[in-house]
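*Asks:*
Protein chains in written order, with the working numbering: chain A, 98 to 437; chain B, 4 to 206.
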């Protein structure tokens with residue numbers, strides 16, 4: 098048996114195929130009879146207790162840089178793939194706009210190739226500007242299960258640009274107490290269940306190529322137009338509801354917010370899920386998506402750009418040489434004369 | 004019967020017919036024992052009956068039922084933990100359950116591979132593969148972000164494949180099933196309350 102057989106075998110082992118399952122279902126039918134004969138709907142009995150709402154939330158305080166970085170890739174790729182997913186049913190009355198069918202075909206080709214290449218490796222540079230001034234940024238490099246995320250520019254005043262790497266299942270960060278790097282252990286120890294651990298988000302990058310995001314995007318993008326550049330690249334432009342770009346909702350300082358990929362708050366017009374933002378996607382002459390840009394207004398003029406490169410050809414993410422473990426750092430701290 | 008009662012009864016009947024077997028299946032693989040599964044199914048539909056107005060329309064109703072079943076089973080396990088003699092009983096039932104479900108080498112290998120996974124990974128994997136839920140639906144059942152569910156699903160599929168392959172190879176080399184009574188070779192199953200498949204050396 099090979100590895101593919103594993104999932105097939107699992108499916109065949111579905112308990113619905115076990116002996117006694119049909120009898121169990123039949124036995125359960127007695128429940129229905131009993132309930133209908135004897136039970137009273139709660140509306141006429143005890144006051145209804147509301148079901149505990151399971152509201153997903155982003156843990157702002159503990160979000161890992163890698164998670165956020167890769168989240169941006171996931172989200173943006175989702176947008177890219179969503180727009181162009183083959184067979185995704187873009188309605189020419191809303192999605193094709195003046196572009197007609199041919200641009201859609203090209204865009205689908207670009208997305209398919211980009212999707213395949215991005216499965217393996219790539220680099221994404223994200224930049225957010227406010228009124229044409231740099232506001233935030235990150236660079237993400239991924240290769241297989243390894244990932245490196247560098248924050249900035251710009252960096253916040255008084256803070257250096259942070260970097261985080263995950264190589265061979267080990268997380269590394271610059272030593273906050275000095276030079277060099279610290280080996281932090283498994284990425285699964287990072288903010289588990291937040292959806293922002295490096296491995297979770299890397300998985301999302303891949304899964305989004307076939308996720309429901311595709312349907313959402315293709316069913317909402319309107320007014321697709323194209324512009325061919327002298328170098329052969331083509332820019333596809335249209336409008337997408339802000340809620341598609343920033344599908345995640347969270348709470349910050351008591352306020353409900355929308356969160357863009359990378360964990361940035363969607364400000365001004367982008368905070369309204371229904372408002373339309375301008376989105377453009379540029380595919381190179383090699384039919385690979387080069388970048389995606391979203392623009393919106395409101396109190397300020399915002400741009401959100403992700404530029405892809407080295408899709409499928411990105412270098413390996415290397416573990417920092419001579420990284421120390423936390424235990425090493427503790428030991429060296431106690432060994433310094435000042436601490437004796 | 005009042006109109007509202009009649010409408011409620013009709014809706015409940017529709018829900019029951021549509022999703023009874025799904026709830027039974029889910030409870031059977033999630034519950035510690037078959038008898039607990041039966042109790043859970045009853046409680047899930049009792050809850051559904053009482054909260055008919057809370058149940059979403061369409062396919063989301065199934066997700067609501069899974070989420071309810073999950074809470075019912077969790078409560079069941081919590082109350083079971085209070086019993087001092089529980090572990091012994093559970094272990095005895097687990098052996099019986101393993102024997103009952105032995106449908107050949109492949110099924111035993113699947114069970115053994117599942118045994119080696121954490122409950123969290125196993126749950127998300129089985130919600131996808133046995134219950135046919137999407138990552139978004141799984142997220143609703145588990146109460147987590149969709150991206151978390153996708154991540155767990157990706158990881159759990161990978162782990163399952165690796166473990167299954169390893170066990171299959173071992174089985175092939177030995178010329179016999181690599182498992183007995185649903186446990187991997189040389190690895191005794193220790194059933195903990197709330198963790199039907201947990202192993203002694205599970206991380």
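Heads up, the beta-carbon is just placed ideally off N, CA and C, and yes, glycines get one too.
Quick caveat: nothing in here was measured; it's all calculated off a predicted structure.
Classify residue 235 (chain A) as buried or exposed, calling it buried when 16 or more other Cβ atoms lie within 10 Å of its own Cβ.
*Replies:* If you number the first chain from 1, residue 235 (chain A) lands on position 138. So residue 235 (chain A) ends up on the buried side.
*Asks:* Which of helix, strand or coil does DSSP assign to residue 180 (chain B)?
*Replies:* Against the second chain, residue 180 (chain B) aligns to sequence position 177. A caution first: residue 180 (chain B) carries a pLDDT of 39, below 50, which makes its placement in the model unreliable, though a value can still be read off. Looking at residue 180 (chain B) - three-state DSSP - the assignment turns out to be coil, as it is neither helix nor strand.
*Asks:* May I ask which residues mark the beginning and end of the beta strand (DSSP E) holding residue 218 (chain A)?
*Replies:* As a working mapping, residue 218 (chain A) is identified with position 121 in the first chain. Counting along the chain, the beta strand (DSSP E) containing residue 218 (chain A) begins and ends at 218-227.
*Asks:* Would you mind stating whether residue 122 (chain A) and residue 24 (chain B) have Cβ atoms separated by less than 7 Å?
*Replies:* Here residue 122 (chain A) refers to the residue found at position 25 when the first chain is read from its first residue. Here residue 24 (chain B) refers to the residue found at position 21 when the second chain is read from its first residue. For residue 122 (chain A) and residue 24 (chain B), yes; Cβs fall inside 7 Å.
*Asks:* Any C-beta of chain B sitting closer than 7 Å to the C-beta of residue 112 (chain A)?
*Replies:* By one-based count along the first chain, residue 112 (chain A) stands at place 15. Yes, contact with chain B.
*Asks:* For residue 33 (chain B), which residues in the same chain have their Cβ closer than 6 Å to its Cβ, ignoring the five residues on either side in sequence?
*Replies:* Position 30 of the second chain, counted from the start, is the residue given in the question as residue 33 (chain B). Answer for residue 33 (chain B): 76, listed in chain order.
*Asks:* If we require 4 or more residues per run, which alpha helix (DSSP H) segments fall completely within the region 4-46 of chain B?
*Replies:* 6-33
*Asks:* Short check: CB of residue 281 (chain A) to CB of residue 414 (chain A), under 7 Å?
*Replies:* As a working mapping, residue 281 (chain A) is identified with position 184 in the first chain. As a working mapping, residue 414 (chain A) is identified with position 317 in the first chain. No, Cβ-Cβ distance for residue 281 (chain A) and residue 414 (chain A) is not below 7 Å.
*Asks:* Is the CB of residue 121 (chain B) under 7 Å away from at least one CB in chain A?
*Replies:* Taking the first residue of the second chain as 1, we reach residue 121 (chain B) at position 118. It does not; no Cβ of chain A falls within 7 Å.
*Asks:* In or out: residue 157 (chain B) buried (at least 16 other Cβ within 10 Å) or exposed?
*Replies:* Your numbering for residue 157 (chain B) matches position 154 in the second chain. Classification of residue 157 (chain B): buried, given that the 10 Å Cβ count is 16 or more.
*Asks:* On the three-state DSSP scale, how would you describe residue 353 (chain A)?
*Replies:* What you label residue 353 (chain A) is simply residue 256 of the first chain in a count that begins at 1. Note: residue 353 (chain A) maps to strand in three-state DSSP.
*Asks:* Between the C-alpha atoms of residue 381 (chain A) and residue 339 (chain A), what's the straight-line distance to the nearest angstrom?
*Replies:* Residue mapping note: residue 381 (chain A) aligns to position 284 of the first chain, counting from 1. Residue mapping note: residue 339 (chain A) aligns to position 242 of the first chain, counting from 1. Cα-Cα distance, rounded: 26 Å.
*Asks:* Going by beta carbon distance, what residues of the same chain come within less than 6 Å of residue 50 (chain B), once the five residues before and after it are set aside?
*Replies:* Taking the first residue of the second chain as position 1, residue 50 (chain B) is located at position 47. Excluding residues within five positions, the ones whose Cβ falls inside 6 Å are 71.
*Asks:* Note down, in chain order, all residues in the region 54-69 of chain B with a beta-carbon under 9 Å from any beta-carbon belonging to chain A.
*Replies:* Cβ contacts with chain A come from 54, 55, 56, 57, 67.
*Asks:* Using a Cβ-Cβ cutoff of less than 6 Å, which residues in the same chain neighbour residue 334 (chain A) once the five nearest sequence positions on both sides are dropped?
*Replies:* Taking the first chain and counting its residues from 1, the one referred to as residue 334 (chain A) is at position 237. Counting only Cβ-Cβ distances below 6 Å, and skipping sequence neighbours, we find 322, 377.
*Asks:* At what residues does the alpha helix (DSSP H) containing residue 108 (chain B) begin and finish?
*Replies:* Position 105 of the second chain, counted from the start, is the residue given in the question as residue 108 (chain B). Where residue 108 (chain B) is concerned, the enclosing alpha helix (DSSP H) stretches over 108-118.
*Asks:* Between residue 204 (chain B) and residue 371 (chain A), what straight-line distance do the alpha-carbon atoms span, to the nearest angstrom?
*Replies:* By one-based count along the second chain, residue 204 (chain B) stands at place 201. By one-based count along the first chain, residue 371 (chain A) stands at place 274. Note that residue 204 (chain B) scores a pLDDT of 24, beneath 50, so its modelled location is shaky; the value from the coordinates is reported in the next line. About 50 Å.
*Asks:* Indicate whether residue 366 (chain A) and residue 343 (chain A) have their beta-carbon atoms separated by less than 7 Å.
*Replies:* Sequence index remark: in the first chain, residue 366 (chain A) carries index 269 (1-based). Sequence index remark: in the first chain, residue 343 (chain A) carries index 246 (1-based). No, Cβ-Cβ distance for residue 366 (chain A) and residue 343 (chain A) is not below 7 Å.
*Asks:* State the beta-bridge partners of residue 245 (chain A) as determined by DSSP.
*Replies:* Here residue 245 (chain A) refers to the residue found at position 148 of the first chain. Answer by DSSP bridge pairing, in chain order: A:238, A:262.
*Asks:* What would DSSP say about residue 100 (chain B), mapped onto helix, strand or coil?
*Replies:* Counted from its first residue, the second chain places residue 100 (chain B) at position 97. A caution first: residue 100 (chain B) carries a pLDDT of 44, below 50, which makes its placement in the model too unreliable to give a value.
*Asks:* Residue 47 (chain B) and residue 26 (chain B) - do their beta-carbons sit closer together than 7 Å?
*Replies:* Start at 1 with the first residue of the second chain, and residue 26 (chain B) comes out as number 23. Start at 1 with the first residue of the second chain, and residue 47 (chain B) comes out as number 44. Yes. Within cutoff.
*Asks:* Since residue 75 (chain B) meets chain A, which of its residues come closer than 9 Å, beta carbon to beta carbon?
*Replies:* To locate residue 75 (chain B), count along the second chain from 1; it is residue 72. Residue 75 (chain B) does not reach chain A, its nearest Cβ partner there being about 12 Å away, counting only Cβ pairs nearer than 9 Å.
*Asks:* Return the residues of the region 393-417 of chain A that lie within a Cβ-Cβ distance of less than 8 Å from chain B, sorted by chain order.
*Replies:* Under the 8 Å Cβ criterion, the region 393-417 of chain A contributes no residue.
*Asks:* If you follow the alpha helix (DSSP H) that residue 322 (chain A) is part of, which residue opens it and which one closes it?
*Replies:* As a position in the first chain, residue 322 (chain A) is number 225, starting the count at 1. Premise fails: residue 322 (chain A) lies in the beta strand (DSSP E), 319-325, not in any alpha helix (DSSP H).
*Asks:* Could you tell me whether the Cβ atoms of residue 165 (chain B) and residue 153 (chain B) are closer together than 7 Å?
*Replies:* Taking the first residue of the second chain as 1, we reach residue 165 (chain B) at position 162. Taking the first residue of the second chain as 1, we reach residue 153 (chain B) at position 150. Contact flag unset, no.
*Asks:* Under a CB-based cut-off of 7 Å, is residue 17 (chain B) close to chain A?
*Replies:* Translated into the one-based positions of the second chain, residue 17 (chain B) becomes position 14. Nearest CB-CB separation between residue 17 (chain B) and chain A: not below the 7 Å threshold.
*Asks:* In this structure, how does DSSP classify residue 161 (chain B) when only helix, strand and coil are distinguished?
*Replies:* In the second chain, counting from the first residue as 1, residue 161 (chain B) sits at position 158. Residue state, collapsed to three classes: helix.
*Asks:* Given a cut-off of 7 Å, decide if residue 388 (chain A) and residue 404 (chain A) are closer than it, judged by their beta-carbon atoms.
*Replies:* One-based indexing of the first chain puts residue 404 (chain A) at position 307. One-based indexing of the first chain puts residue 388 (chain A) at position 291. The answer is yes: Cβ separation under 7 Å.
*Asks:* Give me, in chain order, the residues of the same chain whose beta-carbon lies closer than 7 Å to that of residue 116 (chain B); leave out the 5 immediate sequence neighbours on both sides.
*Replies:* Residue mapping note: residue 116 (chain B) aligns to position 113 of the second chain, counting from 1. The residues are 163, 166, 167, 170.
*Asks:* Nearest-angstrom Cα distance between residue 243 (chain A) and residue 211 (chain A)?
*Replies:* Here residue 243 (chain A) refers to the residue found at position 146 when the first chain is read from its first residue. Here residue 211 (chain A) refers to the residue found at position 114 when the first chain is read from its first residue. Taking the straight line joining both Cα atoms gives about 19 Å.
*Asks:* With DSSP collapsed to three states, give me the class of residue 79 (chain B).
*Replies:* Position 76 of the second chain, counting from 1, holds the residue named residue 79 (chain B). Correct three-state label for residue 79 (chain B): helix.
*Asks:* Where residue 226 (chain A) and residue 233 (chain A) are concerned, what is the direct C-alpha to C-alpha distance, given to the nearest angstrom?
*Replies:* Start at 1 with the first residue of the first chain, and residue 226 (chain A) comes out as number 129. Start at 1 with the first residue of the first chain, and residue 233 (chain A) comes out as number 136. Near 7 Å, if we compare the C-alpha coordinates of residue 233 (chain A) and residue 226 (chain A).
*Asks:* Taking only the alpha-carbon atoms, compute the straight-line gap between residue 406 (chain A) and residue 219 (chain A) and give it to the nearest angstrom.
*Replies:* Sequence index remark: in the first chain, residue 406 (chain A) carries index 309 (1-based). Sequence index remark: in the first chain, residue 219 (chain A) carries index 122 (1-based). For residue 406 (chain A) and residue 219 (chain A), the gap between their C-alpha atoms comes out near 6 Å.
*Asks:* Candidates A:104, A:408, A:266, A:270: which alpha carbon is nearest residue 440 (chain A)'s?
*Replies:* Coverage of chain A is limited to positions 98 through 437, which leaves residue 440 (chain A) absent and any answer about it impossible.
*Asks:* Give the residues of chain A in contact with residue 28 (chain B), contact being defined as C-beta atoms less than 8 Å apart.
*Replies:* In the second chain, the residue the question calls residue 28 (chain B) occupies position 25. Neighbours of residue 28 (chain B) on chain A, chain order: 111, 112, 113, 118.
*Asks:* How long is the line joining the alpha carbons of residue 99 (chain B) and residue 13 (chain B), rounded to whole angstroms?
*Replies:* As a position in the second chain, residue 99 (chain B) is number 96, starting the count at 1. As a position in the second chain, residue 13 (chain B) is number 10, starting the count at 1. Annotation note: pLDDT 39 at residue 99 (chain B) (below 50); position unreliable, coordinate value reported separately. Going by the C-alpha atoms only, they are around 39 Å apart.
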